[in-house]
Amino acid sequence: MKSMKTILGATATLALTAGVAAADPAIIFDLGGKFDKSFNEAGFNGAERWANETGGKYLEIELQSEAQREQALRRFAETGANPVITMGFAMSTPLSEVAPDYPDTTFVTIDGYAPLPNVLNVGFAEHEGSYLVGMMAALASESNTVGFIGGMDIPLIRKFACGYSEGVKAVNADAMVISNMTGTTPAAWNDPVKGSELTKAQIAQGADIVYAAAGGTGVGVLQTAADEGILSIGVDSNQNYLHPGKVLTSMMKRVDVAVYDSMKAGESLEAGFRAMDLAHMGVGYAMDEHNASLVSADMQAAVDAAAAAIIAGDLVVHDYTSDDSCPSLQF
Amino acid sequence: MDFLTLIQVLDSTLRLATPLLLACLAGLYSERAGIFDIGLEGKMLVAAMFAGAVAAVSGNVWMGLLAGIAASMSLSALHGIASITFRGNQLISGVAINFLAAGMTVLVAQSWFGQGGRTPSLMGGGRFDGIELPFAIGPKDAALSDLSVTKLIEQAGPIQQVYSELISGHTILVYVALLCVPATWWLLFRTRFGLRLRAVGEAPEAVDTAGVSVVGLRFAAVAICGVLCGVAGAYLATGLQAGFVKDMTAGRGFIALAALIFAKWRPWYALSATLLFGLLQAIAVRFQNIEIGGFVIPVQFTESLPYILTVVILAGFVGKAIPPRAGGEPYVKEN
């Protein structure tokens with residue numbers, strides 16, 4: 097009996113040390129779900145790449161409701177997961193409350209903002225990437241009218257819209273940008289039917305290129321654009337393949353790189369701020385075989401020149417979130 | 015606002031109102047028979063998922079439609095068994111159906127296609143295409159000339175604009191939904207079945223005394239509700255969209271319920287209520303903020319108007335909405 101206890105005790109200790117030593121990273125996907133073909137899916141791809149390369153394991157959860165945010169954070173922190181990666185701007189508040197309670201855990205917020213000693217804030221320069229695809233839209237447009245369809249009306253999405261319109265106006269100051277938001281609740285990320293109607297309304301107003309930054313709603317936008325014979329621009333992940341020859345390009349947000357790097361650094365990940373801008377290859381536009389025929393060499397040269405100017409600091413794209421206004425677009 | 019813009023908004027209204035109208039009529043049958051149904055949303059969602067999935071697998075949109083109707087009817091049967099046979103609380107059963115549908119659709123679609131809870135994009139025969147009525151401007155004319163359909167309609171005369179933009183070019187389900195309104199009116203108010211169905215929602219004991227099965231009638235009403243919700247869901251996934259996406263009903267089942275109250279449980283009123291709600295949505299889609307004489311109406315206000323109007327009606331400011339008397343109460347036979 098005594099030896100039995102010892103063995104049991106020993107295994108328990110072993111299991112405990114194994115749990116601590118491994119310290120698997122954890123990732124919390126936002127309400128859009130990890131297969132949204134966009135933002136969350138990019139994060140999932142980064143995590144999968146890390147798992148395949150290192151053979152490591154990671155913990156994950158797809159949030160189903162707002163109430164689960166804090167719960168999921170605490171659960172992962174208490175399991176000993178390190179780092180804990182959170183996706184989406186909505187994690188800012190729960191993170192600010194939970195992170196001080198677990199000083200030994202490093203948290204990562206992608207798109208969120210929580211200036212705490214154990215939080216790494218990864219911020220993307222969406223306005224720079226959107227500027228580039230905006231230029232491309234203006235160069236490809238024949239009607240000189242282009243559209244933007246956002247998901248939920250939040251400052252982050254306005255940042256996309258503003259950068260896009262800046263890019264359009266840089267090429268053609270007379271071009272018109274029609275901007276619509278799908279809604280003001282999280283349901284706006286998953287309403288492709290409304291996305292379709294918005295696209296049709298923009299086409300009726302003369303738009304011949306439409307840029308969707310709207311999560312699952314974007315599926316409806318891209319579909320309707322393809323059906324109605326106009327071009328669309330995808331977002332976050334490379335969405336060119338969804339409708340080959342009908343998607344002009346995609347504004348790539350390298351969420352996968354941010355997640356991959358954070359997981360790779362593991363427990364030694366340092367808190368602070370990380371800017372994922374053009375210079376750091378954090379954003380960009382997608383070129384592949386599906387859109388090669390749509391983008392001429394001249395267009396690409398013009399966009400690449402602007403990208404070089406932004407990286408060099410000669411060109412500053414207005415960031416909506418810096419002053420909550422946009423010089424070239426009314427909301 | 016020019017004439018063509020108005021027509022385009024009305025065209026959008028018709029598309030947006032169709033799923034609302036079908037769901038509203040579905041709720042009308044059920045509630046007229048005394049079975050409250052807040053599970054319209056869930057049934058539409060399940061129908062959308064199965065319609066999208068079967069249409070994608072078989073490549074035939076009609077198979078998809080049938081699958082959607084079958085899926086929606088099975089949830090209707092569940093609601094019927096829980097609230098008619100076992101006399102459970104109808105609201106709780108409806109809520110349970112909504113939750114079941116929200117979770118199950120994503121789970122089934124994920125394990126079936128592995129595309130993250132959505133169904134593959136539909137091509138060709140997997141979708142309902144718009145029907146081009148004779149002499150209307152459509153894709154065929156656009157193919158003959160260099161211009162797009164939008165441009166061709168822009169150049170046409172006002173009557174042709176109304177005909178081509180507003181009346182022609184919708185999928186068959188839109189016309190079916192519109193025909194359902196007179197059909198429902200005729201069935202409920204001009205047939206013996208309809209009289210009994212309405213009676214079962216007002217005074218089931220009277221129907222029972224007459225020797226007609228209350229349970230049978232209520233199940234029939236719930237089944238019709240399932241069929242209509244199935245068509246509504248299939249329209250979302252295969253008519254308006256090219257596949258199912260998680261939570262794609264986006265609250266339309268609840269707006270349909272609001273429209274049902276707004277319509278005071280009457281078919282023709284249901285048509286005008288859903289068209290009004292569709293119009294409000296279409297306006298919100300087309301114009302973000304409306305400026306009237308220096309005063310800006312924010313888009314959020316337009317979007318919430320359906321709910322505000324329903325509350326106004328319920329509060330008795332404009333007419334009175336009286337639900338069927340025996341609604342929500344399971345029928346217990348007297349001994």
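Top line first, the protein sequences correspond to chains A and B. Sequential numbering of the first sequence, starting at 97, is according to the numbering used here. Sequential numbering of the second sequence, starting at 15, is according to the numbering used here. We put the beta carbon where it would ideally sit given N, CA and C, even for glycine.
For the pair glycine 330 (chain B) and isoleucine 269 (chain B), the Cα-to-Cα distance works out to about 19 Å. DSSP places isoleucine 123 (chain A) within a strand segment (E or B) once states are collapsed to three. Per the C-alpha coordinates, the member of A:Met277, A:Ser237 and A:Asp270 positioned closest to isoleucine 253 (chain A) is A:Met277.
Residues of chain A whose Cβ lies closer than 7 Å to the Cβ of glutamine 302 (chain B) are, in chain order, Asn276. Lysine 57 (chain B) and glycine 78 (chain B) have their C-alpha atoms roughly 15 Å apart. In the DSSP assignment, tyrosine 198 (chain A) falls outside any alpha helix (DSSP H) and carries neither an H nor an E. For the options A:Pro196, A:Ala138 and A:Leu127, the alpha carbon positioned closest to that of glutamine 164 (chain A) is the one of A:Leu127.
Residue B:Tyr43 holds the alpha-carbon nearest to the alpha-carbon of isoleucine 238 (chain B) among B:Asp16, B:Leu28 and B:Tyr43. Sequence-distant partners of tyrosine 260 (chain A) (beyond 5 residues in either direction) whose C-beta falls short of 6 Å from its own C-beta, in its chain, are Ser226, Gly230, Phe244 and Tyr307. Distances from the alpha-carbon of alanine 310 (chain A) to those of A:Asp332, A:Met183 and A:Ala322 put A:Asp332 closest. Taken atom to atom, the span from the alpha-carbon of methionine 262 (chain B) to that of alanine 62 (chain B) is near 8 Å.
Those residues of the segment 305-337 of chain A placed with their C-beta closer than 7 Å to a C-beta in chain B are Gly312, Val315, Gly316, Gln319 and Gly325, ordered along the chain. Under the three-state reduction of DSSP, leucine 390 (chain A) is assigned to coil, being neither helix nor strand. Excluding residues up to 5 positions away in sequence, Phe125, Gly129 and Lys130 lie with their Cβ nearer than 7 Å to the Cβ of glutamate 158 (chain A) in the same chain.
Within chain B, no C-beta atom comes less than 9 Å from the C-beta of valine 273 (chain A); the nearest is roughly 13 Å away.
In this structure, glycine 73 (chain B) lies near glycine 139 (chain B), with their beta-carbon atoms less than 7 Å apart. When A:Phe185, A:Gly247, A:Ala398 and A:Ala403 are compared, the shortest CA-CA separation from glycine 330 (chain A) is found for A:Gly247. Using beta-carbon distances, methionine 63 (chain B) does not count as an interface residue toward chain A, since no partner is under 7 Å.
Valine 346 (chain B) sits exposed, since fewer than 16 C-beta atoms from the chains shown fall within 10 Å of its C-beta. By the Cβ rule, the segment 280-292 of chain B counts as touching the segment 186-198 of chain B, because three or more pairs are nearer than 8 Å. A straight line joining the alpha-carbon of alanine 217 (chain B) with that of serine 97 (chain B) spans about 17 Å. Only those residues of the segment 15-36 of chain B whose C-beta falls short of 9 Å from the nearest C-beta of chain A are listed: Leu18, Thr19, Gln22, Val23, Asp25, Ser26, Arg29, Leu30 and Pro33.
Secondary structure remark: continuous beta strand (DSSP E) runs of at least 3 residues inside the segment 273-332 of chain B, in chain order: 304-306 and 309-311. The Cβ atoms of arginine 212 (chain B) and arginine 46 (chain B) lie closer than 7 Å to each other. Scanning the segment 264-307 of chain A for uninterrupted beta strand (DSSP E) segments of 3 residues or longer gives 272-279, listed from N- to C-terminal end. In the structure shown, the three-state DSSP call for serine 161 (chain A) is coil.
Nearest Cα to cysteine 38 (chain B) within the set B:Thr324, B:Ala273, B:Pro344 and B:Tyr321: B:Ala273. At a beta-carbon threshold of 8 Å, none of the residues of chain B lie near isoleucine 157 (chain A); the nearest stands roughly 15 Å away. If you compare the alpha carbons of B:Ile275, B:Val214 and B:Gln22 with that of isoleucine 336 (chain B), the shortest gap goes to B:Ile275. Annotated as proximal: threonine 316 (chain B) and alanine 298 (chain B), with beta-carbon spacing under 7 Å.
By the criterion of at least three beta-carbon pairs nearer than 8 Å, the segment 134-149 of chain A is not in contact with the segment 361-368 of chain A. Against proline 288 (chain A), the close residues of chain B are Gln255, Val259 and Met262, in the order they occur along the chain (beta-carbon pairs closer than 7 Å).
Taking proline 33 (chain B) as reference, the option from B:Gly131, B:Asn303 and B:Gly265 with the minimal CA-CA separation is B:Gly265. The segment 15-32 of chain B makes contact with the segment 288-298 of chain B: 3 or more CB pairs, one atom from each, lie closer than 8 Å. For glutamine 314 (chain B), the closest Cβ of chain A is nearer than 7 Å. Taken through DSSP and simplified to helix, strand or coil, aspartate 415 (chain A) comes out as coil.
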